[in-house]
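Structure first, then comments.
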Amino acid sequence: MPIACVDFVAIRTALNGTREYGLIRRHSPYGEVWCHLGGRIQRGETIAQALQRHANDALDAGLDLPIDPQPLYTYQWFPATDSPTDGTPFGRDERKHSIGMAFLIELTGDPSPRNEALDFAWFTSATIPEDVWPGCEHLFAKLGLLARQ
1199 MPIACVDFVA IRTALNGTRE YGLIRRHSPY GEVWCHLGGR IQRGETIAQA LQRHANDALD
1259 AGLDLPIDPQ PLYTYQWFPA TDSPTDGTPF GRDERKHSIG MAFLIELTGD PSPRNEALDF
1319 AWFTSATIPE DVWPGCEHLF AKLGLLARQ
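Those letters in the sequence shown? Residues 1199 to 1347, by the working numbering.
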C-alpha cells in the first residue's frame, strides 16, 4: 500500500527580489543528493502537523502555514521494481512506494540542518544543482523551480 507523504521546498525572497528555494543535502540510495524536505504523515497527524514536524526535524525551523494547507502538486514515488511503464511521471525511491503532496512554503527561523539533512542551501531557478534525488527534476519543474525545462 502506498505511503502518504508531504514534500516541500522552502522558499524566500532575497534582498534583490529574486525567489530562492531551500533544499537539503542528504544520504540516499543514490548517494549524497540535494532534495526537497518532507516524509511520511503519521497516523492521527494533520498535513500541517506533518509539514511542521519535518521542518523541525531536518532544519530546526518552523513553517508559515495556514491551518489546512493544500498541495500545489501531487507526485508519486516508486521503487524500480514497481515503477510505471505507461509514461506517468514519477520519482525514484527504492525504499517505498509513496504519494507525496508537494508544497512551496516559507520557513520561520534560521534553518540549521540536522538529522537527515547533512546541509541546507538556498538556490535560484538557474542554480538548482544537477545532483538531485532521481525524479526531483520533474517535481521541481511542476512547482516552477527550474529555469531549465
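All residues carry an ideal CB built from backbone N, CA and C; glycine is no exception.
Indicate whether residue i and residue j have their beta-carbon atoms separated by less than 8 angstroms.
i, j, result
"residue 1267", "residue 1300", "no"
"residue 1221", "residue 1319", "yes"
"residue 1291", "residue 1223", "no"
"residue 1297", "residue 1203", "yes"
Is it right to say residue i is buried, meaning 16 or more other beta carbons lie within 10 angstroms of its own, or is it exposed?
i, result
"residue 1225", "exposed"
"residue 1285", "exposed"
"residue 1235", "buried"
"residue 1227", "exposed"
Keeping to the same chain, check which residues put their C-beta closer than 6 angstroms to that of residue i; ignore five residues upstream and five downstream.
i, result
"residue 1295", "1200, 1276 and 1280"
"residue 1303", "1206 and 1261"
"residue 1272", "1299"
Check residue i in the structure and name its three-state DSSP category.
i, result
"residue 1215", "coil"
"residue 1263", "coil"
"residue 1252", "helix"
"residue 1243", "coil"
With a CB to CB cut of under 7 angstroms and the five nearest residues on each side skipped, what residues in its chain are close to residue i?
i, result
"residue 1242", "none"
State the CB to CB distance for the pair residue i and residue j, rounded to an integer number of angstroms; the pair is presumed to be in contact (CB under 8 angstroms).
i, j, result
"residue 1306", "residue 1262", "6 angstroms"
Can you name, in chain order, every residue of its own chain whose Cβ lies under 8 angstroms from the Cβ of residue i, other than the five neighbours on each side?
i, result
"residue 1327", "1221, 1232 and 1321"
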